[in-house]
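Take a look at the structure set out below.
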Amino acid sequence: MSFDMLSNTNIVNVMNTSEFADLVADVLKSLPPAFARHLDTVEVVVAPRPSREQRRALGLRPWQTIYGLYEGTPLTEQHSDGIFLPATITIFQEPLERDFRTRSALREQVRRTVLHEIAHHFGISDERLRELGAY
1 MSFDMLSNTN IVNVMNTSEF ADLVADVLKS LPPAFARHLD TVEVVVAPRP
51 SREQRRALGL RPWQTIYGLY EGTPLTEQHS DGIFLPATIT IFQEPLERDF
101 RTRSALREQV RRTVLHEIAH HFGISDERLR ELGAY
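Have a look at this one:
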């Protein structure tokens, strides 16, 4: 396929943070109420890329990146008598835009990434997500 045949409206150059955040918000709005109510104490943010501290904590090599990150105590590890800091889900805009160049592909991967990080809040590990075919 030649470049001329591609729809210019479908190619993602770079969205501004607000447009990208809208993609994330759309996923959150689409959650069933039974799940959404458990996210009241979870802050969902958009960042350009993982910070140096996040990369170091995860042991990422310079050529590696991630699309999202859950930082907090999963619901399965919280107890009624404990005090827990609010959890944070960070969605990283630049790696997603770099790797998913069409609006439809980007929208789908943002959805997958947000749901993946929410799964961690519910105590589902990466290993279990692989078993479930979520990768």
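Per our numbering, residue 1 is the first one in the sequence shown, and the count goes up by one each step.
C-beta: ideal position from N, C-alpha, C; glycine also.
Boundaries for residue 66: no alpha helix (DSSP H) harbours it, and the DSSP string shows neither H nor E there. With a cut-off of 8 Å on Cβ pairs, the stretch 66 to 76 is not in contact with the stretch 26 to 35, counting fewer than three such pairs.
The beta carbons of residue 91 and residue 39 sit about 14 Å from each other, so the pair does not count as a contact at 8 Å.
Counting only runs that start and end inside the stretch 20 to 98, the beta strand (DSSP E) elements of at least 3 residues fall at 42 to 47, 68 to 71 and 87 to 92.
With 16 or more other Cβ atoms from the protein chains shown falling within 10 Å of its own Cβ, residue 89 counts as buried.
Cβ contact annotation for residue 41 (same chain, cutoff 7 Å, sequence separation greater than five): 86 and 87, in chain order. Under the Cβ criterion (8 Å, minimum of three pairs), the stretch 50 to 70 counts as touching the stretch 107 to 123. Going by DSSP, residue 114 is part of the alpha helix (DSSP H) stretching over 103 to 121. Out of 98, 105 and 93, the CA that lies nearest to the CA of residue 19 is found in 93. Taking C-beta separations shorter than 7 Å and ignoring five residues to either side along the sequence, the partners of residue 100 in its chain run 106 and 109, following chain order.
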